[in-house]
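The numbers in our numbering rise by one with no breaks, and the one at position 26 of the sequence shown is 71.
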Amino acid sequence: MKSIKNNAAIMLATNDYDLILANIRQATGPITFNQKDAAELEAELKKAKVVPIENLPGDVVRLDSKVTVRDDESTKMLDLTVVIPSKADLKKKMISVLSPIGTALLGYRKGQQISWRVPSGNKMFTIMEVSNPSA
């Protein structure tokens, strides 16, 4: 799902890591949860560098991050907020961390490039801005 130029492991805050794992374990049904996406996210979580939130750099995408990404092909900008599944609301551009784009963004930093799987194939995006709530 992800294609990152430097292949670095993702970085997560301890509390986000625990909350995401709990959401993966509690999710059921095809609407709430895609087994393949969840398996990919779990694989990423196993490789993640998990740190206390106060040690997490401010430009790392985490739960409740407001993120601006650029479609590298069209240069169109997209603003999103990464949230737990129960808070997801596409009309408000609040995307579940268990969705393909949520999984693709999680743990990466401003300036990094990701690959997001869309119906027509993979699209490359660059993380342009990351705004996080106070720790």
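Here a beta-carbon is modelled for each residue, glycine too, at the ideal position from N, C-alpha and C.
Open item on the list: Only counting the same chain, and skipping five residues up and downstream in sequence, which positions put a Cβ closer than 8 Å to that of Ser-179?
Closed with: none
TODO: Determine the extent of the beta strand (DSSP E) in which Thr-113 is found, giving its start and end residues.
DONE: 111–116
TODO: Assign Val-127 to buried or exposed, taking buried as 16 or more other Cβ atoms, counted over all protein chains shown, within 10 Å of its Cβ.
DONE: buried
- [ ] For the alpha helix (DSSP H) holding Ile-55, just list the boundary residues, first then last.
- [x] First-last for Ile-55: undefined, no H or E at that position.
Open item on the list: Any contact between the stretch 79–90 and the stretch 121–138? By contact I mean 3 or more CB pairs, one from each, below 8 Å.
Closed with: no
Open item on the list: Which of the three DSSP states is assigned to Thr-120 in this structure?
Closed with: coil
Open item on the list: In whole angstroms, give me the CA-to-CA distance for Asp-104 and Asn-167.
Closed with: 24 Å
Task: Nearest residue (CA-CA) to Lys-155, options Ala-88, Lys-137, Asn-177 - done: Asn-177
Task: Within 9 Å, strictly: CB atoms of Tyr-62 and Val-112 - done: no
Task: Cβ-Cβ distance between Trp-161 and Ile-146 below 9 Å - done: yes
Task: DSSP-derived helix/strand/coil call for Glu-99 - done: helix
Open item on the list: Please identify the residue among Leu-90, Ala-54, Val-175, Val-163 whose C-alpha is closest to the C-alpha of Leu-64.
Closed with: Leu-90
TODO: Determine the direct distance from the alpha carbon of Val-106 to that of Met-56, and round the result to whole angstroms.
DONE: 9 Å
Task: beta strand (DSSP E) segment containing Arg-162, residue limits - done: 158–163
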